[in-house]
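Read in order, the letters of the sequence shown correspond to residues 1 to 285 in full-length UniProt numbering.
Yeah, the Cβ is synthetic: ideal placement off N, Cα and C, and Gly gets one too.
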Amino acid sequence: MIYSMTGYGKSVVQMPTKKITIELKSLNSKNLDLNARMPSIYREKELAIRKLLADALERGKIDFSIYVEATADDTSTQINTPVVKQYMNQLREVVPGDDLELLKMAVRFPDALNTVREEIDETEWEAIKKEIILAVEDLNAHRLDEGKVLEADFKNRVENIRALLEEVAAMDSDRIKAVRERLLKGVEELKEKYDENRFEQELVYYIEKFDITEEKVRLKNHLDYFTESLNSKDSNGKKLGFISQEMGREINTIGSKSNYAPMQQLVVQMKDELEKIKEQLLNVL
1 MIYSMTGYGK
11 SVVQMPTKKI
21 TIELKSLNSK
31 NLDLNARMPS
41 IYREKELAIR
51 KLLADALERG
61 KIDFSIYVEA
71 TADDTSTQIN
81 TPVVKQYMNQ
91 LREVVPGDDL
101 ELLKMAVRFP
111 DALNTVREEI
121 DETEWEAIKK
131 EIILAVEDLN
141 AHRLDEGKVL
151 EADFKNRVEN
161 IRALLEEVAA
171 MDSDRIKAVR
181 ERLLKGVEEL
191 KEKYDENRFE
201 QELVYYIEKF
211 DITEEKVRLK
221 NHLDYFTESL
231 NSKDSNGKKL
241 GFISQEMGRE
251 INTIGSKSNY
261 APMQQLVVQM
271 KDELEKIKEQ
281 LLNVL
């Protein structure tokens, strides 16, 4: 079971005077890269929010947002009545006018309005924390759904490489025969006498250098291990990436040792499948 690093989560809570919306967006990243946007009233809880998200999401480029929409009369700004009255009295001494006009002028002066600093109470914080957890669960559900798509693609490509490896194994005897015939023909074209026994010994030694038995066995083991890791309960993109690198080494060695065009064509196809696996692994948690 694997999780993608790409996902989206959302949760909404209705408070007595406002609606709070929690949004989470996630993209792939080697480490946890968390960007948090929220009203200033919630900044005192930012460290707690970051820890909660880091523990739950592990890795990825995360955009976290809190949006607040007022749904009732609730303001943190109040009229500073004594100051406004004093301004109005002073204005009457300067210019005559009715109270409404003087009030319009007075409220524009400094300190006519007081902004009361809001503080988050524990009940509201607990409600928000619960919604953050729900948004994380929603995000992880998206990650799991996309992970299932990736997993199916990985298994298909692993089986493609496995089938190509079987074709490589099937043509191995023909390859050795073709290499042997090519070398023998080259020697005969020299039209020089040679010791046949010595030639056979050298030929055996030369052909042994092109033996790919170990590479075939190791590649098969890596394919099995990759599939086994896909089926484990943990999502470990870094581990799968390491296994894919080992698969690449064996495929490259088979290609360099093949010395046989039909086999090299199969190796190119295996490399193409592996590159597609590596590209998708960048998005696995």
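Closer than 8 Å by C-beta to Arg50: which residues in its own chain qualify, once you throw out the five before and the five after it? Chain order, please.
Stepping through the sequence shown from its first residue, residue 50 is reached at position 50. Taken in chain order, the residues that qualify are Leu34, Ala36.
What alpha helix (DSSP H) runs, 4 residues minimum, are completely inside the UniProt domain "Endoribonuclease YicC-like N-terminal" (2-151)?
46-57, 81-94, 99-106
Between Leu165 and Lys220, which are expected to be in contact by the criterion C-beta below 8 Å, what is the C-beta distance as a whole number of angstroms?
Within the sequence shown, the letter at position 165 stands for residue 165. Within the sequence shown, the letter at position 220 stands for residue 220. Their Cβ separation, rounded to whole angstroms, is 7 Å, which keeps Leu165 and Lys220 in contact under 8 Å.
Alpha carbon to alpha carbon, how far is Ile62 from Ala70? Give it in angstroms, no decimals.
For the purposes of this step, residue 70 is taken as residue 70 along the sequence shown, with counting starting at 1. For the purposes of this step, residue 62 is taken as residue 62 along the sequence shown, with counting starting at 1. Those two C-alpha atoms are separated by around 26 Å.
For Asn236, the first and last residue of its enclosing alpha helix (DSSP H):
On the sequence shown, position 236 is the one that residue 236 refers to. Here Asn236 belongs to no alpha helix (DSSP H), and DSSP marks it neither H nor E.
Looking only at its chain, what residues have a beta carbon closer than 8 Å to the beta carbon of Arg180, apart from the 5 residues adjacent to it on each side?
What you label residue 180 is simply residue 180 of the sequence shown in a count that begins at 1. For Arg180, where only same-chain residues beyond five positions count, the Cβ hits under 8 Å are Leu203, Ile207.
Arg143 and Ser4: beta carbons closer than 7 Å?
Working through the sequence shown from its first residue, we reach residue 143 at position 143. Working through the sequence shown from its first residue, we reach residue 4 at position 4. Yes, these two residues count as a Cβ contact at 7 Å.
Note down, one range per segment and in chain order, each alpha helix (DSSP H) of at least 4 residues found wholly within the UniProt domain "Endoribonuclease YicC-like C-terminal" (171-284).
172-189, 196-208, 213-230, 237-258, 261-281
Here's the rule: buried if 16 or more other CB atoms are within 10 angstroms of the residue's CB, otherwise exposed. What is Val217?
Along the sequence shown, read from residue 1 onward, the residue named residue 217 stands at position 217. It counts as exposed.
Which word fits Ser173, buried or exposed, when buried means at least 16 other C-beta atoms lie within 10 angstroms of its C-beta?
Looking up residue 173 in the sequence shown gives position 173. With fewer than 16 Cβ atoms within 10 Å of its Cβ, Ser173 is classed as exposed.
To the nearest angstrom, report how far apart Asn160 and Asp272 are at their CA atoms.
Working through the sequence shown from its first residue, we reach residue 160 at position 160. Working through the sequence shown from its first residue, we reach residue 272 at position 272. Distance between the alpha carbons of Asn160 and Asp272 is about 10 Å.
Do Arg59 and Leu285 come within 7 Å of each other at the CB atom, strictly closer than that value?
Along the sequence shown, read from residue 1 onward, the residue named residue 285 stands at position 285. Along the sequence shown, read from residue 1 onward, the residue named residue 59 stands at position 59. Yes, they are a contact pair.
Contact set for Leu24: own chain, Cβ-Cβ below 6 Å, skip 5 residues either direction
Indexing the sequence shown from 1 puts residue 24 at position 24. So the qualifying residues of the chain are Gly9, Phe64, Ala135, Leu139.
Roughly how many angstroms separate the alpha carbons of Glu275 and Ala48, rounded to a whole number?
Position 275 of the sequence shown holds residue 275. Position 48 of the sequence shown holds residue 48. Taking the straight line from one Cα to the other gives about 40 Å.
Going by beta carbon distance, what residues of the same chain come within less than 8 Å of Glu124, once the five residues before and after it are set aside?
Stepping through the sequence shown from its first residue, residue 124 is reached at position 124. Same-chain partners within the cutoff: Met15.
Pair within 7 Å by beta-carbon distance, Arg54 and Leu32:
Along the sequence shown, one-based indexing puts residue 54 at 54. Along the sequence shown, one-based indexing puts residue 32 at 32. What sits at residue 54 in the sequence shown is Ala, not Arg. Closer than 7 Å, so yes.
Residue nearest to Thr213 in terms of C-alpha spacing, selected from Glu196, Phe226, Ala169, Ser256:
Taking the sequence shown and counting its residues from 1, the one referred to as residue 213 is at position 213. For the residues Glu196, Phe226, Ala169, Ser256, the minimum Cα distance to Thr213 belongs to Ala169.
Which listed residue (Gly241, Glu200, Ile176) has its alpha carbon closest to that of Met263
Translated into the one-based positions of the sequence shown, residue 263 becomes position 263. Ranking Gly241, Glu200, Ile176 by Cα distance to Met263 puts Ile176 first.
Comparing the C-beta of Ala169 with each C-beta of chain C, is any distance below 7 Å?
Checking the listed chains, one finds no chain C in this structure; it contains a single protein chain.
What does the alpha-carbon distance come out to for the pair Asp121 and Gln86?
Counting from 1 along the sequence shown, the entry for residue 121 is found at position 121. Counting from 1 along the sequence shown, the entry for residue 86 is found at position 86. Computed Cα separation, rounded: 35 Å.
Would you tell me roughly how many angstroms separate the C-alpha atoms of Ile2 and Arg162, rounded to the nearest one?
The sequence position of residue 2 within the sequence shown is 2, counting from 1. The sequence position of residue 162 within the sequence shown is 162, counting from 1. If you take the alpha carbons of Ile2 and Arg162, they lie about 21 Å apart.
Using 7 Å as the threshold, is the C-beta distance between Glu131 and Ile22 below it?
For the purposes of this step, residue 131 is taken as the residue at position 131 of the sequence shown. For the purposes of this step, residue 22 is taken as the residue at position 22 of the sequence shown. In contact: Glu131 and Ile22 (Cβ atoms closer than 7 Å).
Can you give me the C-alpha to C-alpha distance between Ala106 and Ile133, rounded to a whole angstrom?
As a working note, residue 106 is residue 106 in the sequence shown. As a working note, residue 133 is residue 133 in the sequence shown. Cα to Cα, Ala106 sits roughly 48 Å from Ile133.
Within 10 Å of its beta-carbon, does Asn89 have 16 or more other beta-carbons around it, so buried, or fewer, so exposed?
Here residue 89 corresponds to residue number 89 of the sequence shown, with the count starting at 1. Classification of Asn89: exposed, given that the 10 Å Cβ count is below 16.
CA nearest to the CA of Asp111, picked from Gln78, Glu126, Gly97:
Along the sequence shown, read from residue 1 onward, the residue named residue 111 stands at position 111. Ranking Gln78, Glu126, Gly97 by Cα distance to Asp111 puts Gln78 first.
In or out: Tyr67 buried (at least 16 other Cβ within 10 Å) or exposed?
Residue numbering aside, residue 67 sits at position 67 when the sequence shown is read from its first letter. The residue is exposed, with fewer than 16 neighbouring Cβ atoms inside 10 Å.
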